[in-house]
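Residue numbers (UniProt numbering): 1 to 235.
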């Protein structure tokens, strides 16, 4: 008796039935798990094919009681647990003969057409995780947008400043100092000090040089009744 409460025939009777069917059909007589060279060696009526030199169940079928049984999804009819566990390891064939989730697991929508068994409370956790991921993506998007706006504003300001500098008039050239005015700057120094602001050839005389006038002495003893000496001093 299986876990679903259905009676099954003894294994030796199933093997006899398979062998009898193979003998009458004239096709391959290799058992499930026996060696083979090609698919013809394995009995096609029992959903067998030759895979890697051994008879195995075709895709979508599961080995159960020396035979290949079709796999079943949640809610489908079944005979063996292996039929349900082929698609979901957390399912089993219940007493009503249908695939259902084992204790501690509940059906969860895996896609539009299929369901999977998930641990109790996993839906809430999954929703929380999805919400957290969504919040994280929104925050990341806001940060990226803010940085992009800041970069754009900086580029615009730089462009405006560069254009403003190009449009503003250039500063006036430095004023040239005429050489003729450079000789007007004369340092007044005391006597005996060198005047170095002007070259020696253009240097004006000092006060002592300007007031140093030689004295002229005139003596005439022939025309003057009373000889006398006159001294002229230029002021």
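The beta-carbon is built from N, C-alpha and C at its ideal position, and this holds for glycine as well.
*Three-state secondary structure assigned by DSSP to residue 96*: coil
*How long is the line joining the alpha carbons of residue 87 and residue 43, rounded to whole angstroms?*
25 Å
*asked:* Checking the sheet assignment: what are the DSSP bridge partners for residue 57?
replied: 48
*Cross-strand partners of residue 67 (DSSP beta bridge)*: 64
_With a threshold of 6 Å on Cβ separation, who are the neighbours of residue 36 within its own chain once the five nearest residues in sequence on each side are excluded?_
30, 42, 50, 55
*So which of 84, 77, 146 has the shortest CA-CA distance to residue 63?*
84
_Top-ranked residue by Cα proximity to residue 114, from 149, 139, 75_ = 75
*Considering residue 84, what are the terminal residues of the alpha helix (DSSP H) in which it resides?*
81 to 85
_Within 10 Å of its beta-carbon, does residue 80 have 16 or more other beta-carbons around it, so buried, or fewer, so exposed?_
buried
_Please list the terminal residues of the continuous beta strand (DSSP E) segment that includes residue 119._
115 to 119
*Out of 78, 144, 34, state which residue places its alpha-carbon closest to the alpha-carbon of residue 93.*
78
*My understanding is that residue 68 touches residue 48, with C-beta atoms under 8 Å, so please give their C-beta distance in whole angstroms.*
6 Å
_Can you tell me whether residue 140 is buried or exposed? The criterion is at least 16 other CB atoms within 10 Å of its CB, across all chains shown._
exposed
_Between the alpha carbons of residue 100 and residue 116, how many angstroms are there, rounded?_
10 Å
*residue 71 to residue 119 span [Cα, whole Å]*: 22 Å
*Going by Cα to Cα distance, which pick from 57, 52, 147, 73 is closest to residue 109?*
73
*Leaving out five residues before and five after residue 58 in sequence, what residues of the same chain have Cβ atoms less than 6 Å from its Cβ?*
47, 49
*asked:* If I measure Cβ to Cβ from residue 102 and keep anything under 8 Å in the same chain, skipping five residues before and after, which residues do I get?
replied: 90, 91, 92, 117
*Mind checking who residue 107 pairs with in its DSSP beta bridge?*
117
*Between residue 211 and the rest of its own chain, which residues show a CB-CB distance below 7 Å, the 5 nearest in sequence each way excluded?*
none
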